[in-house]
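Undergrad: Residue numbers (my numbering): 6 to 129. Glycine residues also receive a C-beta, built at the ideal position from the N, C-alpha and C atoms.
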Amino acid sequence: MTISVNDFRTGITIELEGQLWTVVDFQHVKPGKGAAFVRSKLKNVEKGTTVEKTFRGGEKVQRAIVERKPFQYLYESDGDYVFMDSNTYEQVNVPANKMGDGLKWLKDSMEVQIVFHETRILEV
6 MTISVNDFRT
16 GITIELEGQL
26 WTVVDFQHVK
36 PGKGAAFVRS
46 KLKNVEKGTT
56 VEKTFRGGEK
66 VQRAIVERKP
76 FQYLYESDGD
86 YVFMDSNTYE
96 QVNVPANKMG
106 DGLKWLKDSM
116 EVQIVFHETR
126 ILEV
């Protein structure tokens, strides 16, 4: 699904140059002379790096569909954390690098939100 950069909002996820980016900040700029543009700050979902990018006004970008699902934490096994989908009882293994700071607060049977893009886990 494509969206115009004029429709940017903080928190939306876009696909750009083969990678997923979250819009952290944006500003519509309409100079006295010349065409309008959108100055944005984007955070790479996988690497965590932040870049500033300027788009022409009305330019189209691919919006990434991300989905949040409730999961229950079960146990840790060989560096992976095992969660169960609260609706389907399906289990998924999440590597420690996807857990981030959430590991500090993770407790047995705790319910968490896991963010997916298609079938790929982005974050817990």
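Going along the chain, which unbroken runs of the beta strand (DSSP E) with 3 or more residues stay wholly within the segment 46-103?
TA: As far as the segment 46-103 is concerned, its whole beta strand (DSSP E) runs of at least 3 residues are 55-61, 65-68, 71-82, 85-90 and 96-100.
Undergrad: Using a Cβ-Cβ cutoff of less than 6 Å, which residues in the same chain neighbour LYS48 once the five nearest sequence positions on both sides are dropped?
TA: Sequence index remark: in the sequence shown, residue 48 carries index 43 (1-based). If we look at LYS48 and ignore the five residues flanking it on each side, its Cβ neighbours are THR27, VAL29 and THR55.
Undergrad: What residue from GLY62, VAL50 and GLU57 has the CA that sits closest to ASN102's CA?
TA: Indexing the sequence shown from 1 puts residue 102 at position 97. Checked all of GLY62, VAL50 and GLU57; the closest Cα to ASN102 is VAL50.
Undergrad: If you measure between the beta carbons of PHE60 and VAL99, is that distance less than 8 Å?
TA: Here residue 60 refers to the residue found at position 55 when the sequence shown is read from its first residue. Here residue 99 refers to the residue found at position 94 when the sequence shown is read from its first residue. For PHE60 and VAL99, no; Cβs fall outside 8 Å.
Undergrad: Going by alpha carbons, who is nearest to GLY107 out of TYR86, ILE19 and ALA69?
TA: Against the sequence shown, residue 107 aligns to sequence position 102. When each option's Cα is compared against that of GLY107, the closest is TYR86.
Undergrad: Between the Cα of LEU79 and the Cα atoms of SER114, ARG73 and LYS65, which residue gives the shortest distance?
TA: Within the sequence shown, the letter at position 74 stands for residue 79. Looking at the Cα atoms, SER114 is the closest of the given residues.
Undergrad: Applying the 10 Å Cβ sphere with the 16-neighbour rule, what's the burial state of ALA41?
TA: Taking the sequence shown and counting its residues from 1, the one referred to as residue 41 is at position 36. Under this definition ALA41 is an exposed residue.
Undergrad: Whole angstroms are fine: how far does the CA of GLU64 sit from the CA of GLN32?
TA: Sequence index remark: in the sequence shown, residue 32 carries index 27 (1-based). Sequence index remark: in the sequence shown, residue 64 carries index 59 (1-based). When rounded, the distance between both Cα atoms is 14 Å.
Undergrad: Can you tell me whether DSSP reads ASP113 as helix, strand or coil?
TA: Along the sequence shown, one-based indexing puts residue 113 at 108. Note: ASP113 maps to coil in three-state DSSP.
Undergrad: Following the continuous beta strand (DSSP E) through GLU123, name the residue where it begins and the one where it ends.
TA: Residue 123 sits at position 118 when you count from the first residue of the sequence shown. Run containing GLU123: none; DSSP gives neither H nor E here.
Undergrad: Can you tell me the Cα-Cα spacing of ILE70 and GLN24, whole angstroms?
TA: Here residue 70 is taken as the residue at index 65 of the sequence shown, counted from 1. Here residue 24 is taken as the residue at index 19 of the sequence shown, counted from 1. When rounded, the distance between both Cα atoms is 13 Å.
Undergrad: Helix or strand or just coil, what does DSSP make of VAL129?
TA: On the sequence shown, position 124 is the one that residue 129 refers to. If DSSP states are grouped into helix, strand and coil, VAL129 belongs with coil.
Undergrad: Write down the C-beta distance between SER91 and GLU116 rounded to the nearest angstrom, noting that I regard them as a contact closer than 8 Å.
TA: As a first step, residue 91 is located in the sequence shown; it is residue number 86 there, counting from the start. As a first step, residue 116 is located in the sequence shown; it is residue number 111 there, counting from the start. That belief holds up - the Cβ atoms of SER91 and GLU116 are roughly 7 Å apart, short of 8 Å.
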